[in-house]
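Structure first, then comments.
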Amino acid sequence: NLSLGSDFGPHDGSMLWEKTLASYIGPDKPGRALVAAAGNSGSVASAPTHQTVRVSSGTRMRVPIETTGATKGGVQVWVTLRSKGKIAVGLDSPDGTWIDPVDEGSKRGKKEGDYSAGVIFGAGIEDSPIPQGTRGAIVVWSGAWPAGRYYVTLEGEGLADLYLQATGDAAVRPASFLGGVREGTSYGETDEL
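Using this note's numbering, read the sequence shown as starting at 90 and increasing by one per residue.
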């Protein structure tokens, strides 16, 4: 009986810990069952951690994240592409663009003042935490940053699932998707390119 889990990851069974757990059950191991808690994240109404969005060609989808800021914390957003489409991923802050959208197979970072931010898009990048066989990106920022609305920006065409996890004091004063839920939603802001 396990109470494990994380909002961070592709949620497709490709993470090492998911593969390890799966190796203990199956047709070659009769009589074994794996029982896991349905969730340990508390109320999803007060801090939504999942967002599903469809990105249409010729638009920029801005997925809003509300935060009360941090003095020593982080926000990690895992973006899993669910379709064969092509999407570029970036990050906007309340005062403008931090990282322009990057294509699959690329990474870009920014360090300024007391915070750093980055986007890693693809499993084939050196030191990428994204498992082979998963099409996804990671958007992160950490350190000290002001309160406000931040945006994961998506350009191109396709369907994506986003999972958010806050760390440090950003987890105590939760950062969360604006209007997101654990089951999925299609909420987002779209700007014409």
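All C-beta atoms in this analysis are idealised placements derived from N, C-alpha and C, irrespective of residue type, glycine included.
Here the structure is a predicted model, which means the values were calculated and not measured.
Asked	Found
Where does ALA259 land, buried or exposed, given buried means 16+ other C-beta within 10 angstroms?	buried
Give the range of the beta strand (DSSP E) segment to which ALA255 is assigned.	237-257
Is it buried or exposed for ALA181, if we count other Cβ within 10 angstroms and need 16 for buried?	Contrary to the premise, residue 181 reads as Asp rather than Ala in this sequence. Buried: at least 16 other Cβ atoms inside 10 Å.
Pop quiz: GLY163 and ALA255 are said to be a contact at Cβ under 8 Å. What is the actual Cβ separation, rounded to whole angstroms?	7 Å
Would you say the region 212-219 touches the region 144-164, given that touching needs at least three Cβ pairs under 8 Å?	no
Evaluate ILE114 with the Cβ neighbour count: other Cβ atoms within 10 Å of its Cβ, from every protein chain shown; 16 or more gives buried, anything less gives exposed.	exposed
From GLU89 to ALA111, what does the alpha carbon distance come to, in whole angstroms?	No answer is possible for residue 89: it lies beyond the span of the chain, which begins at 90 and ends at 282.
Alpha carbon to alpha carbon, what distance is there between ARG143 and GLU246?	8 Å
Quick one: residues in its chain with C-beta nearer than 7 Å to the C-beta of ALA236, no 5 flanking neighbours on either side, listed in chain order?	THR156, THR157, GLY158
Rounded to the nearest angstrom, how far is the Cβ of SER172 from that of LEU251, given a contact under 8 Å?	Not really, about 14 Å apart at Cβ, beyond 8 Å.
Does at least one heavy atom of the ligand FAD sit under 7 Å from the Cβ of ILE227?	What this structure holds is no ligand at all, so the ligand FAD is not there to describe.
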